[in-house]
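>
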Amino acid sequence: MKKAPKIIITVLVVLGLGWLFFGPAKQIGYAPDQPFAYSHLTHAGKYQIDCQYCHSTVSYSKSAGIPGVNVCMNCHRAVLGLSGTAKKDANKRIMDLYSNYWEKKKAPEWVRIHNMPDHVRFSHAPHIKALLKPGQESKTACIRCHGDVAQMEVVSQVESLNMGFCLNCHREYEKDGGRTNCGACHH
Ligand code: HEC
Ligand code: HEC
Ligand code: HEC
Ligand code: HEC
Ligand code: HEC
Numbered sequence: 000m001k002k003a004p005k006i007i008i009t010v011l012v013v014l015g016l017g018w019l020f021f022g023p024a025k026q027i028g029y030a031p032d033q034p035f036a037y038s039h040l041t042h043a044g045k046y047q048i049d050c051q052y053c054h055s056t057v058s059y060s061k062s063a064g065i066p067g068v069n070v071c072m073n074c075h076r077a078v079l080g081l082s083g084t085a086k087k088d089a090n091k092r093i094m095d096l097y098s099n100y101w102e103k104k105k106a107p108e109w110v111r112i113h114n115m116p117d118h119v120r121f122s123h124a125p126h127i128k129a130l131l132k133p134g135q136e137s138k139t140a141c142i143r144c145h146g147d148v149a150q151m152e153v154v155s156q157v158e159s160l161n162m163g164f165c166l167n168c169h170r171e172y173e174k175d176g177g178r179t180n181c182g183a184c185h186h
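Residue 179 in numbering that gives the first Met the number 0 is what sits at position 180 of the sequence shown, and the numbering runs on without skipping anything.
1) Per DSSP, what kind of secondary structure is residue 113 in: helix, strand or coil?
2) Give me, in chain order, the residues of the same chain whose beta-carbon lies closer than 8 Å to that of residue 24; leave out the 5 immediate sequence neighbours on both sides.
3) For residue 19, which residues of its own chain have a beta-carbon under 6 Å away from its beta-carbon, when the five flanking residues on both sides are left out?
4) For residue 156, is the classification buried or exposed, using 16 other Cβ atoms within 10 angstroms of its Cβ as the cut-off for buried?
5) Any chance the CB of residue 39 is under 7 Å from a heavy atom of ligand 1?
6) Alpha carbon to alpha carbon, how far is residue 58 from residue 164? Give it in angstroms, no decimals.
7) Could you say which of 168, 181, 149, 153 lies nearest to residue 129 if we only look at CA atoms?
8) Are the beta-carbon atoms belonging to residue 140 and residue 60 less than 8 Å from one another?
9) Considering only the beta carbon of each residue, do residue 34 and residue 107 sit closer than 8 Å?
10) Who pairs with residue 42 in a beta bridge, going by DSSP?
11) Output needed for residue 154: all residues of its chain with C-beta closer than 7 Å, excluding positions within five of it in sequence on either side, in chain order.
12) Take residue 118 and list the residues in its own chain whose beta-carbon comes closer than 7 Å to its own, dropping the five residues that flank it on each side.
13) Which same chain residues, not among the five before or five after residue 178, have their C-beta less than 7 Å away from its C-beta?
14) Taking 7 Å as the cut-off, is the CB of residue 74 close to at least one heavy atom of ligand 4?
15) Is residue 50 near residue 138, with beta carbons less than 8 Å apart?
16) Do you know how far the Cα of residue 166 is from the Cα of residue 174?
17) Pick helix, strand or coil for residue 119, following the three-state DSSP scheme.
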């Protein structure tokens, strides 16, 4: 009986340390089921469509943006000939995209994968400007925080995106504006 409080404290300390060390990194490997099976491997990998073709606001705003079905249809109405007999042969998933989303004027409700807590300030624009050298493919910048998405059939989070991760790079780029004072990233 006398030992009970000690055990409780030990358990709490272990849980606390566990949370500190493993808690913040729990998002690594997070790859939720999506309402529609979209493949980065096919589009950004095999067909080398540039990331910014779809994530078109990434270089000048906070958010990278998720493309609407209209962007998909720039290609899938024409490239894969969704008319006449071709329509029958078209990939089942593209037909799904066409009839269950495009024709019904709705977008898949994508489940968000990467998320910053509210107390952290983050914007894509300054990062893309600082990390992307002229003439480089967009993905050379994205890889630093998202891994090689062009090789992913299903996107998953590969970096912890925790404070240490951010700070490491801010130190590396200190002379290019990577700041390490608390106010740089916290409100
Ligand atoms: C043809 C359009 C298209 C291209 C090209 C494309 N993406 Fe995407 N991207 C999407 C769509 C649609 C989603 C939402 C579905 C999903 O998560 O797979 C998405 C999701 C993502 C996400 C996850 C966002 C979240 O919820 O956190 C990341 C990261 C991402 N893309 C990075 C990239 C990178 C890096 C490239 C270039 C190598 C790229 N994308 C090229 C359409 C595209
Ligand atoms: C720049 C042109 C282009 C855009 C934009 C585009 N696609 Fe594709 N898509 C292709 C090509 C090319 C293929 C490969 C066809 C093949 O291999 O026969 C393809 C294949 C597919 C397939 C079936 C094969 C697979 O591997 O998944 C689906 C489903 C698909 N796209 C969905 C989408 C969605 C959803 C979007 C919008 C977020 C989109 N596409 C945007 C060109 C495009
Ligand atoms: C310095 C790290 C970093 C780089 C570089 C980066 N991202 Fe992100 N990305 C993040 C973080 C952090 C989030 C979550 C942001 C939030 O919750 O506000 C995110 C979220 C996203 C999302 C989800 C939707 C959105 O608009 O926030 C997409 C899509 C995405 N990134 C695509 C890209 C693409 C494409 C590139 C390269 C052109 C890129 N990112 C470069 C860190 C980065
Ligand atoms: C791969 C390197 C790298 C990573 C990783 C990185 N940053 Fe940065 N960040 C930079 C650089 C370089 C700048 C300076 C850009 C400038 O001054 O133009 C910057 C600037 C910033 C700024 C200031 C933007 C402004 O308004 O001037 C904030 C806020 C920020 N980063 C937050 C974060 C957060 C939060 C993370 C982690 C999720 C992160 N960064 C990860 C390289 C990185
Ligand atoms: C380069 C960006 C960056 C800088 C600079 C930075 N932080 Fe953070 N901080 C973050 C990110 C990102 C998280 C969220 C980590 C996560 O969700 O795992 C965080 C989380 C935290 C938390 C944990 C809050 C919680 O319970 O989730 C505290 C406390 C904190 N920061 C304090 C500080 C202090 C104090 C400084 C200055 C010495 C500082 N930070 C500088 C990016 C930064």
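Just so it is clear, CB atoms sit at the ideal spot from N, CA and C, and this is done for glycine as well.
Well, looking at it:
1) coil
2) Any reading at residue 24 is ruled out, since the residue's pLDDT is 49, under 50, leaving its predicted position unreliable.
3) Because residue 19 sits at a pLDDT of 49, beneath the cut-off of 50, its placement in the model cannot be relied upon, and the point is left open.
4) buried
5) yes
6) 21 Å
7) 168
8) no
9) yes
10) In DSSP, residue 42 forms no bridge with anything.
11) 30, 39, 112, 148
12) 185, 186
13) 169
14) no
15) yes
16) 14 Å
17) strand
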